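Residue numbers (this note's numbering): -12 to 100. Working notes, structure below.
See below:
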């Protein structure tokens, strides 16, 4: 049996907020830890039948990047629900939501230019 590992290292500032986030994985294409601005980890809690969430981001992540990050997460979830359950309706609804959110963010960005 193969074992795969993912590691996160979070450096905190004096207020215990993430200053730097690095990650590494045994199956990652490149070798060595890489820096990122944000992570979002969701874990299914079998005992309580609920989701445990960890969302962390550094202070240098812009609002626009954060919005794009979460739109990408939602899009990925839509594809995952299709792959794992075959539920085309749910997948399409999530995709349509993402399309509306992209339009919203683009309109917001155009107003600030």
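A virtual CB, placed ideally from N, CA and C, is assigned to each residue, including glycine. Keep in mind that this is a model prediction, so the values were computed, not measured.
Which same chain residues, not among the five before or five after residue i, have their C-beta less than 7 Å away from its C-beta?
i: residue 7; result: -2, 22, 45
i: residue 75; result: 69
How would you label residue i, buried or exposed, when you count the other beta carbons within 10 angstroms and need 16 or more for buried?
i: residue 63; result: exposed
i: residue 78; result: buried
Going by the CB atoms, is the gap between residue j and residue i shorter than 8 Å?
i: residue 68; j: residue 60; result: no
i: residue 47; j: residue 27; result: no
i: residue 9; j: residue -8; result: no
i: residue 24; j: residue 1; result: no
Ordered along the chain, which non-local residues of its own chain (more than five positions away) have a Cβ less than 8 Å from that of residue i?
i: residue 19; result: 11
Residue i to residue j, Cα distance in whole Å?
i: residue 65; j: residue 29; result: 15 Å
i: residue 33; j: residue 39; result: 10 Å
i: residue 83; j: residue 17; result: 34 Å
i: residue 90; j: residue 54; result: 12 Å
i: residue 31; j: residue 96; result: 35 Å
i: residue 71; j: residue 36; result: 18 Å
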